[in-house]
Structures are given as structure tokens and as C-alpha cells.
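**Student:** Pasting in a structure now, in C-alpha cells, and then I'll have a few things to ask.
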Amino acid sequence: AQSVAQPEDQVNVAEGNPLTVKCTYSVSGNPYLFWYVQYPNRGLQFLLKYITGDNLVKGSYGFEAEFNKSQTSFHLKKPSALVSDSALYFCATYNFNKFYFGSGTKLNVKP
Amino acid sequence: AAGVIQSPRHLIKEKRETATLKCYPIPRHDTVYWYQQGPGQDPQFLISFYEKMQSDKGSIPDRFSAQQFSDYHSELNMSSLELGDSALYFCASSLAGQGQMNTEAFFGQGTRLTVV
Chain A
19 AQSVAQPEDQ
29 VNVAEGNPLT
39 VKCTYSVSGN
49 PYLFWYVQYP
59 NRGLQFLLKY
69 ITGDNLVKGS
79 YGFEAEFNKS
89 QTSFHLKKPS
99 ALVSDSALYF
109 CATYNFNKFY
119 FGSGTKLNVK
129 P
Chain B
95 AAGVIQSPRH
105 LIKEKRETAT
115 LKCYPIPRHD
125 TVYWYQQGPG
135 QDPQFLISFY
145 EKMQSDKGSI
155 PDRFSAQQFS
165 DYHSELNMSS
175 LELGDSALYF
185 CASSLAGQGQ
195 MNTEAFFGQG
205 TRLTVV
């Protein structure tokens, strides 16, 4: 079975501080992992993906994610948070013709 | 760049009515996905198409059907609507190919369906 888990419903961080949004995965075979961001009443926007290669993946808007096979994690990170980063973040895995999404983490960045 | 286009953006229907949601994928993308997102929930997979053929089916009620046409646009048909069908319906497309997994999906802005 394919699944991803996001253990935090909400993450609060001050502007300028580093942020981490956590994701763990459970997949059969090689993991194909993605991060998407959703702003209110908007569709999901692709941030980054891990297919193979370097464990540190860089994506849009200064985000990056670290693939850790031993911990089965794919945490999303950003060195310095912006208020405009406040949104809902979804981790996802892809297998057999569909994406499986986590439950989402609401990121609140306070000025 | 062209994105995934969904229409209508908003739709209000009464119980037991029917609704048709349309999706226009990114040109040359061969795979279309439909997802349903209830309030405060993660997107739930409904159905996908690869090269106009249904490739996978998720938790889609029997009252719903979908198809992909020769021009690659897709329609989600929903009949005998229930209050619980109120949700945001997303379409996504990708250049996945059958069994290929190295590409991301691009999502439309969604259709917000409200059943009253």
C-alpha cells in the first residue's frame, strides 16, 4: 500500500526563521515523492519532487526537501520563511497511475 | 504557459440534480486525474485516464462517471447529487505515460460544487 503521513496539522513559525514541514512515507518499491502547496480556494501548485539522485531536492520559491531513506521521510524545508508562504502544504507519493496525498499541514508564518 | 483549465469555477445545484464538470488538460499531456477535496480534507482520488482510456478508479460513487474525449478534455458527470457531494473538484494532468512515474501533475484551480 502507498501512503504518506503528515504528523502536524499546523506549523507556526516567525518570518525570517527556518521552517520544516514533516512528511513520512510508506511505499512498495522506489518512492516517488512530491510536495504541493495550496492557497485558499486555489488548486494545488507543484513545489518539488524526488524521483532518484541527490537526497536534497531544490524546488520553487526557495523550498527544498530532504529525502531520508532510513527514516522514510521527505521533510520540506526553507531557510527563511516569508509571510506569503502561509498556506496548506501536501506531501504526496505517486504509484500505479495516481497520487496519494497526505492530510496536509497548515503553515502559518507570522510577521 | 498554458495550465489546466476547469469549468465552471463555481456551481450550485439542488439535491437530486445532475452536474457536469469539465477539464482541459495541458496540451500534449496524456494523463488526466480527477480528485475530490472536502472541506478541511486532503484530495481524494476519483478516477484517471491515460490516452483517453480509464487507467484507474478510486473512491468514485456509482452516481459519478467520467470520460476523456478525442481532444483530451475530460468531463466528470455527477447524477442524483447529494449534500455530501459538496466539495472542491480538481482535475490534474501530466505527461506520465503508462507506468512512468517521473513527472509531476499540474492541477487546475478546481470547481467548487455546492449542493443545496
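As they're listed, the protein sequences go chains A and B. The C-terminal position of the first sequence is numbered 129 in this note's numbering, with every residue numbered one higher than the one before it. The C-terminal position of the second sequence is numbered 210 in this note's numbering, with every residue numbered one higher than the one before it. Yeah, the Cβ is synthetic: ideal placement off N, Cα and C, and Gly gets one too. Since the model is a prediction, treat every value here as computed from it, not as a measurement.
So, is the C-beta of A/Gly-61 closer than 9 Å to a C-beta in chain B?
**Tutor:** yes
**Student:** Assign A/Val-101 to one of three DSSP states: helix, strand, or coil.
**Tutor:** helix
**Student:** Per DSSP, B/Ile-99 is paired with what?
**Tutor:** B/Tyr-118
**Student:** In terms of residues, what are the limits of the beta strand (DSSP E) holding A/Ser-78?
**Tutor:** No beta strand (DSSP E) holds A/Ser-78; DSSP gives it neither H nor E.
**Student:** Below 9 Å between beta carbons is the criterion; list the residues of the segment 74-91 of chain A that meet it against any residue of chain B, in chain order.
**Tutor:** none
**Student:** Taking 8 Å as the cut-off, is the beta-carbon of B/Lys-107 closer than that to any non-hydrogen atom of the ligand NAD?
**Tutor:** The ligand content of the structure shown is nil, which means the ligand NAD is not present either.
**Student:** In the segment 109-124 of chain A, which residues sit with their C-beta less than 9 Å from some C-beta in chain B, listed in chain order?
**Tutor:** Ala-110, Tyr-112, Asn-113, Phe-114, Asn-115, Lys-116, Phe-117, Tyr-118, Phe-119, Gly-120, Ser-121 and Gly-122
**Student:** Got a sec? Which residues, its chain only, sit under 7 Å from B/Ile-58 by beta carbon, not counting five neighbours each side?
**Tutor:** No statement about residue 58 of chain B is possible, as the shown extent of chain B runs from 95 to 210 and does not include it.
**Student:** I want to know whether the segment 31-39 of chain A touches the segment 90-104 of chain A - three or more CB-CB distances under 8 Å.
**Tutor:** yes
**Student:** Just how far apart, CA to CA, sit A/Lys-124 and A/Ala-105?
**Tutor:** 6 Å
**Student:** Does any residue of chain B have a CB that is nearer than 9 Å to the CB of A/Tyr-43?
**Tutor:** no
**Student:** Could you tell me which residues DSSP pairs with B/Ser-142 in its beta bridges?
**Tutor:** Partner(s): B/Tyr-127 and B/Asp-150.
**Student:** For a cutoff of 9 Å on Cβ pairs, would you count B/Leu-186 as touching chain A?
**Tutor:** Rather than Leu, the amino acid found at residue 186 of chain B in this sequence is Ala. Cβ-Cβ to chain A under 9 Å: yes for B/Ala-186.
**Student:** Is it true that the segment 59-67 of chain A meets the segment 111-124 of chain B, where meeting means three or more beta-carbon pairs spaced less than 8 Å apart?
**Tutor:** no
**Student:** Is the separation between the beta-carbon of A/Gln-56 and that of A/Gly-122 shorter than 9 Å?
**Tutor:** Closer than 9 Å, so yes.
**Student:** Can you find a C-beta in chain A that's less than 9 Å from the C-beta of B/Tyr-166?
**Tutor:** no
**Student:** List the residues of chain A that B/Phe-158 touches, going by C-beta distances under 7 Å, in chain order.
**Tutor:** Result: empty, since nearest Cβ-Cβ is about 16 Å, beyond 7 Å.
**Student:** Among B/Glu-198, B/Ala-181 and B/Phe-200, whose alpha-carbon lies nearest the alpha-carbon of B/Pro-133?
**Tutor:** B/Ala-181
**Student:** For A/Val-127, which of A/Ala-19, A/Asn-59, A/Ala-23 and A/Gln-28 has the nearest alpha-carbon?
**Tutor:** A/Gln-28
**Student:** CB B/Arg-157 to CB B/Ser-168, shorter than 9 Å?
**Tutor:** It is not a contact, given that the beta carbons lie outside the stated cut-off.
**Student:** Helix, strand or coil: how does DSSP classify B/Leu-105 here?
**Tutor:** strand
**Student:** Going by DSSP, what residue range makes up the beta strand (DSSP E) through B/Arg-206?
**Tutor:** Its beta strand (DSSP E) spans residues 205-209.
**Student:** Kindly give me the distance between the Cβ atoms of A/Val-22 and A/Tyr-118, rounded to whole angstroms, as I take these residues to be in contact under 8 Å.
**Tutor:** Between the beta-carbon of A/Val-22 and that of A/Tyr-118 there is about 6 Å, and that keeps the pair under the 8 Å contact cut.
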